[in-house]
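Asker:
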Amino acid sequence: MCELDILHDSLYQFCPELHLKRLNSLTLACHALLDCKTLTLTELGRNLPTKARTKHNIKRIDRLLGNRHLH
Numbered sequence: 539m540c541e542l543d544i545l546h547d548s549l550y551q552f553c554p555e556l557h558l559k560r561l562n563s564l565t566l567a568c569h570a571l572l573d574c575k576t577l578t579l580t581e582l583g584r585n586l587p588t589k590a591r592t593k594h595n596i597k598r599i600d601r602l603l604g605n606r607h608l609h
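Residue numbers (my numbering): 539 to 609.
1) Could you pull out every unbroken alpha helix (DSSP H) segment of at least 4 residues lying fully inside the stretch 564 to 591, listed in chain order?
2) Taking the straight line between their C-alpha atoms, what separation do you get for THR565 and LYS593?
3) What does the alpha-carbon distance come out to for the pair LEU549 and LEU582?
4) Just the Cα atoms here: how many angstroms apart are ILE599 and LEU545?
5) Just the C-alpha distance for ARG601 and LYS575, rounded to the nearest angstrom, thanks.
6) Got a sec? Which residues, its chain only, sit under 6 Å from THR580 by beta carbon, not counting five neighbours each side?
In structure tokens:
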């Protein structure tokens, strides 16, 4: 089991109030951070492992970071 699966399962178990879509976006952001090793909004969006266009990935990260339910 890879470390991102462990992170996802742990957050799912210990934070049951966390919405599943939000949890998936958070896990993808962690995956992007491990790949790019740069902590900027645009670099995280560029390195998201999805088939969506870069513009949409950057917007996804922006919405995740601005989400008041994660703070």
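Beta carbons are placed, not taken as given, at the ideal position from N, Cα and C, and that holds for glycine. Predicted model, so just to flag it, every value in this text is computed and none were measured.
Answerer: Inspection of the coordinates gives the following:
1) 579 to 584
2) 19 Å
3) 20 Å
4) Each residue's alpha carbon lies about 18 Å from the other.
5) Cα to Cα, ARG601 sits roughly 20 Å from LYS575.
6) Beyond the five residues adjoining it in sequence on each side, THR580 comes within less than 6 Å, by CB distance, of ILE596 in the same chain, given in chain order.
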